[in-house]
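A.B. asks: The structure that follows is given in the form of structure tokens.
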Amino acid sequence: MKKILWALGILILLSVLSIFLVEKWLVKTLPEKINAKEDRDYDILFEDVNLQLFRGSIVMQDISLRPLKDSMPTTITGTMKSVRLGEVNMLGLIFGDVLDIGELRLEVPQFVLIRNDSISKKPADVSIAFQDFFGDLISRGVIHNFILNDGSGEFYTQSDSLRKFGSFDSFNISAVNLETDSVQLNYAIPFKLESIETRLKNLQINLDKEQTFTLGELNYDSKEDAFDFFDLKLAYDDTNLAVAKRSDIQKDYIEISLKHLKIENINARSSIYGNWSIVAGLMTIDSLILHDLRNQNKPRPIDEPEKTMFEGMVEMIPFPLEVDTIRVLNSQITYSQISKGKSQPGSLKFEQLSALVTHVVSTDSLQSGEMFIHGEAVLNGFAPLRMDVTVPYGKKGKEEQFHLEASIDPFGLPSLNGILGDLVSVNINSGTMEKLEITMDANPRFSSNFMKFHYKDLKLELRDEEDKKKKLISTLANVAMSSNNLPENRNYKTATFRTERNIYRGTFNLIWESLREGMLEIVPGNVMQLFLGEQDPSDGGKRR
9 MKKILWALGI
19 LILLSVLSIF
29 LVEKWLVKTL
39 PEKINAKEDR
49 DYDILFEDVN
59 LQLFRGSIVM
69 QDISLRPLKD
79 SMPTTITGTM
89 KSVRLGEVNM
99 LGLIFGDVLD
109 IGELRLEVPQ
119 FVLIRNDSIS
129 KKPADVSIAF
139 QDFFGDLISR
149 GVIHNFILND
159 GSGEFYTQSD
169 SLRKFGSFDS
179 FNISAVNLET
189 DSVQLNYAIP
199 FKLESIETRL
209 KNLQINLDKE
219 QTFTLGELNY
229 DSKEDAFDFF
239 DLKLAYDDTN
249 LAVAKRSDIQ
259 KDYIEISLKH
269 LKIENINARS
279 SIYGNWSIVA
289 GLMTIDSLIL
299 HDLRNQNKPR
309 PIDEPEKTMF
319 EGMVEMIPFP
329 LEVDTIRVLN
339 SQITYSQISK
349 GKSQPGSLKF
359 EQLSALVTHV
369 VSTDSLQSGE
379 MFIHGEAVLN
389 GFAPLRMDVT
399 VPYGKKGKEE
409 QFHLEASIDP
419 FGLPSLNGIL
429 GDLVSVNINS
439 GTMEKLEITM
449 DANPRFSSNF
459 MKFHYKDLKL
469 ELRDEEDKKK
479 KLISTLANVA
489 MSSNNLPENR
499 NYKTATFRTE
509 RNIYRGTFNL
519 IWESLREGML
529 EIVPGNVMQL
539 FLGEQDPSDG
549 GKRR
């Protein structure tokens, strides 16, 4: 009996010793095993490791990343609190060359991304660098599930010196049932998988010395086929008004705030990481606030490119986009302009803006049929308006076109004084706009238009720069002008006319010029010219 107990004790002791020695050997050889891939881009280094043979668990602590190639356009370094390998096939680890891991978990990684400006030229290189890093990490074995918890990062550019240009935090990834032998570049994890969830907060990118892009939160869930962006902002460190005043040239200074952008029904052909390509059923833009400001006291660039129309604007989207429907809710767009000789801008505000855009396709080779736009808004709080636009997608070699029908609901004409401010030399004392409707058929050179402009009881008061009333001139102007233009009037007018397009101004400028010229056709020209307060420069408006 004693011999049996002795033998059993020795066997247990040898087993414990063997386990201890195997664990020690695994700990010693682990750096070589996890960095065995010959074509790897990074070495994974660690200070401490806790290996539990029977639990199939390996926990490496105090991790650091070391890039191996100097020629990469963007490299990633950094540290991690720990890396946990769970459900490890220990027999395969001991006797084989392939790591078989049930779950790879990265805890609190702190990434430092350095972009080499002499090599990297595209914004997508930043996200592609992370995709390549995760691919490099996960391809070192057969890894079934991947989790990244509470990551953060900082972005730097390397030229003559190192400059920080961005950061993020609260980065989380959960990828389930990976197939690491099947590459698929649609997601942050570049392999075929069953599902993936990605979350990130407080992304900040400094676009230049004065302008910053921020994103409050990003969520993606492949099971929901939905992407959510919260609290997007594009803003100047100072206001766009201050930047426009001190700039040397005239251009659009745009600031954007967006509460929520949601992309739903994402097609499997989409790539939501790196080189973006979005094919989706619905995109919802909720609570967009856009402010576009120009300062006409500054010269326009001599080499200014020609502006496109609706189709061209879609084609300028910097990645392939196919969306069945874009829905805009609760939004506001403001166009501000500092007129020549003035210091403060006048503004047009399109408030309570909603829109529905269907069949949006940015890739020229995939375009067919027509894009439709329906929009409704309230102009400066007093004039409800609506617009319907049909944009036929042209075949290669054919010019852009669109058909527009717009109308404005009745409002009191004196309300326009608040928009015009000191931009014109006239006050509107009374009058009601009963109906304004315009139809446009436009191409890059001109638009053919038809307008109805119904008004009654219109009276103007001219003023000089000191704001002194010119009673006699005002009286003569009101006599020369018809105070009513209604269908029942004997001298009722509509306007059929053509508006030449300024190729250096955008589509909405063509719409405004068409409205302006239509009103000039209906209201006596000299009086209306004072009302609008604009004169064409000698270059046909190019530098206006």
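My numbering puts the first residue of the sequence shown at 9, with every later residue one more than the last. Heads up, the beta-carbon is just placed ideally off N, CA and C, and yes, glycines get one too. Being a predicted model, the structure only gives us computed values, none of them experimental.
1. Count Cβ pairs between the stretch 235–244 and the stretch 263–273 that sit closer than 8 Å; are there 3 or more?
2. Throw me the rounded Cβ distance for the F327 and I286 pair, which I believe falls under 8 Å.
3. Assign M527 to one of three DSSP states: helix, strand, or coil.
4. Roughly how many angstroms lie between the CA atoms of L53 and D233, to the nearest whole one?
5. Taking all protein chains shown into account, do 16 or more other C-beta atoms lie within 10 angstroms of the C-beta of E46, making it buried, or fewer, making it exposed?
6. Put E272 into one of helix, strand or coil per three-state DSSP.
7. Looking at P418: is its Cβ nearer than 9 Å to the Cβ of Q409?
8. Expressed to the nearest angstrom, what Euclidean distance is found between the alpha-carbon atoms of G349 and L301?
9. With a CB to CB cut of under 6 Å and the five nearest residues on each side skipped, what residues in its chain are close to S438?
10. Could you tell me if S344 is buried or exposed, where buried requires 16 or more neighbouring beta carbons within 10 angstroms of its beta carbon?
11. How many Å lie between T440 and E384 at the Cα?
12. Measure the beta-carbon distance from F5 to L93 and round it to whole angstroms, keeping in mind my assumption that it falls under 8 Å.
13. Given a threshold of 16 other Cβ atoms within 10 Å of its Cβ, counted over all protein chains shown, does T483 qualify as buried or as exposed?
14. For a test of the three-state rule: what should DSSP assign to G224, helix, strand or coil?
15. Express the C-alpha separation of Q352 and Y500 in angstroms, rounding to a whole number.
16. According to DSSP, N214 sits in a beta bridge with which residue or residues?
17. Can you list, in chain order, the residues of its chain whose CB lies under 6 Å from that of L356, leaving out five sequence neighbours each side?
18. With burial defined as no fewer than 16 other Cβ atoms inside 10 Å of the residue's Cβ, what is the status of A488: buried or exposed?
19. If you follow the alpha helix (DSSP H) that A183 is in, where does it begin and where does it stop?
20. Assuming contact is defined by CB atoms lying nearer than 9 Å, are N457 and F505 in contact in what I supplied?
21. If I'm right that S230 touches S203 with Cβ under 8 Å, what's the distance once you round it to whole angstroms?
22. At which residues does the alpha helix (DSSP H) containing K253 begin and terminate?
23. Specify the secondary structure class of D417 as computed by DSSP and reduced to three states.
24. Using the Cβ count rule (16 or more neighbours within 10 Å means buried), how would you classify E474?
25. Between K315, L121, V184, which lies nearest to T82 when the distance is taken from Cα to Cα?
26. By how many angstroms is the C-alpha of N275 removed from the C-alpha of P117?
27. Is Q304 near I346, with beta carbons less than 9 Å apart?
28. Short of 6 Å in beta carbon distance, which residues of its chain neighbour V184, apart from the five on each side in sequence? Order them along the chain.
29. Can you look up M459 in the DSSP assignment and give me helix, strand or coil?
30. Going by alpha carbons, who is nearest to E330 out of E55, F141, V322?
31. Tell me whether V106 sits in a helix, a strand or coil according to DSSP, three-state version.
32. Closer than 8 Å is the cut-off here; do at least three beta carbon pairs connect the stretch 72–89 with the stretch 170–185?
33. At which residues does the alpha helix (DSSP H) containing M321 begin and terminate?
34. Alpha carbon to alpha carbon, how far is W284 from S278?
35. Buried or exposed: Q375, going by 16 or more other Cβ atoms within 10 Å of its Cβ?
36. Measure the alpha-carbon distance for N338 versus A363 and round it to whole angstroms.
C.D. replies: Working from what's here:
1. yes
2. The residue labelled residue 327 in the question sits at position 319 within the sequence shown. The residue labelled residue 286 in the question sits at position 278 within the sequence shown. The pair is a contact, with the Cβ atoms about 7 Å apart (cut-off 8 Å).
3. Translated into the one-based positions of the sequence shown, residue 527 becomes position 519. Three-state result, M527: helix.
4. Here residue 53 is taken as the residue at index 45 of the sequence shown, counted from 1. Here residue 233 is taken as the residue at index 225 of the sequence shown, counted from 1. L53 and D233: Cα-Cα distance of roughly 37 Å.
5. For the purposes of this step, residue 46 is identified with residue 38 of the sequence shown, where counting begins at 1. Exposed: under 16 other Cβ atoms inside 10 Å.
6. Stepping through the sequence shown from its first residue, residue 272 is reached at position 264. Correct three-state label for E272: strand.
7. Walking along the sequence shown from the start, residue 418 turns up at place 410. Walking along the sequence shown from the start, residue 409 turns up at place 401. No, the Cβ-Cβ distance between P418 and Q409 is not below 9 Å.
8. The residue labelled residue 349 in the question sits at position 341 within the sequence shown. The residue labelled residue 301 in the question sits at position 293 within the sequence shown. Answer to the nearest angstrom: the Cα atoms are 16 Å apart.
9. For the purposes of this step, residue 438 is taken as the residue at position 430 of the sequence shown. The residues are D465, K467.
10. To locate residue 344, count along the sequence shown from 1; it is residue 336. Per the 10 Å Cβ criterion, buried.
11. Stepping through the sequence shown from its first residue, residue 440 is reached at position 432. Stepping through the sequence shown from its first residue, residue 384 is reached at position 376. Those two C-alpha atoms are separated by around 21 Å.
12. No answer is possible for residue 5: the residues shown for the chain start at 9 and end at 552.
13. Taking the first residue of the sequence shown as position 1, residue 483 is located at position 475. The predicted position of T483 is uncertain, since its pLDDT is 49 and thus under 50; no value can be drawn from it.
14. Here residue 224 is taken as the residue at index 216 of the sequence shown, counted from 1. If DSSP states are grouped into helix, strand and coil, G224 belongs with the strands.
15. In the sequence shown, the residue the question calls residue 500 occupies position 492. In the sequence shown, the residue the question calls residue 352 occupies position 344. So the alpha carbons of these two residues sit roughly 38 Å apart.
16. For the purposes of this step, residue 214 is identified with residue 206 of the sequence shown, where counting begins at 1. Bridge partners of N214: T220.
17. Taking the sequence shown and counting its residues from 1, the one referred to as residue 356 is at position 348. The answer, listed in chain order, is Y343.
18. Working through the sequence shown from its first residue, we reach residue 488 at position 480. In this predicted model, A488 has a pLDDT of only 49, less than 50, meaning its place in the structure is not dependable; the value taken from the coordinates is given anyway. Exposed: under 16 other Cβ atoms inside 10 Å.
19. Position 175 of the sequence shown, counted from the start, is the residue given in the question as residue 183. Per DSSP, A183 belongs to no alpha helix (DSSP H); it is in the beta strand (DSSP E), 170–184.
20. The residue given as residue 457 occupies position 449 in the sequence shown. The residue given as residue 505 occupies position 497 in the sequence shown. Result yes, Cβ atoms of N457 and F505 sit closer than 9 Å.
21. As a first step, residue 230 is located in the sequence shown; it is residue number 222 there, counting from the start. As a first step, residue 203 is located in the sequence shown; it is residue number 195 there, counting from the start. S230 to S203, Cβ: 5 Å. Contact.
22. The residue you call residue 253 lines up with position 245 of the sequence shown. First-last of the alpha helix (DSSP H) with K253: 248–254.
23. Sequence index remark: in the sequence shown, residue 417 carries index 409 (1-based). Coil, per DSSP.
24. Here residue 474 refers to the residue found at position 466 of the sequence shown. Low per-residue confidence applies at E474: pLDDT is 49, beneath 50, and the placement is therefore not dependable, though the value from the model is reported in the following sentence. By the neighbour-count rule (16 or more Cβ atoms within 10 Å), E474 is not buried but exposed.
25. As a first step, residue 82 must be located in the sequence shown, where it is residue number 74. The candidate whose alpha carbon is nearest that of T82 is L121.
26. The sequence position of residue 117 within the sequence shown is 109, counting from 1. The sequence position of residue 275 within the sequence shown is 267, counting from 1. Taking the straight line joining both Cα atoms gives about 31 Å.
27. In the sequence shown, residue 304 corresponds to position 296, counting from 1. In the sequence shown, residue 346 corresponds to position 338, counting from 1. The answer is yes: Cβ separation under 9 Å.
28. Mapped onto the sequence shown, residue 184 falls at position 176. Correct list, in chain order: N153, E202, S203.
29. Translated into positions along the sequence shown, residue 459 becomes position 451. Correct three-state label for M459: strand.
30. The residue you call residue 330 lines up with position 322 of the sequence shown. Answer by Cα proximity: V322.
31. Indexing the sequence shown from 1 puts residue 106 at position 98. The answer is coil: DSSP assigns V106 none of H, G, I, E or B.
32. no
33. As a position in the sequence shown, residue 321 is number 313, starting the count at 1. M321 -> alpha helix (DSSP H) spans 318–323.
34. Translated into positions along the sequence shown, residue 284 becomes position 276. Translated into positions along the sequence shown, residue 278 becomes position 270. Spanning the two alpha carbons is a distance of roughly 8 Å.
35. Looking up residue 375 in the sequence shown gives position 367. Counting Cβ neighbours within 10 Å, Q375 comes out buried, since at least 16 surround it.
36. Within the sequence shown, numbered from 1, the residue matching residue 338 stands at position 330. Within the sequence shown, numbered from 1, the residue matching residue 363 stands at position 355. Roughly 10 Å separates the two Cα atoms.
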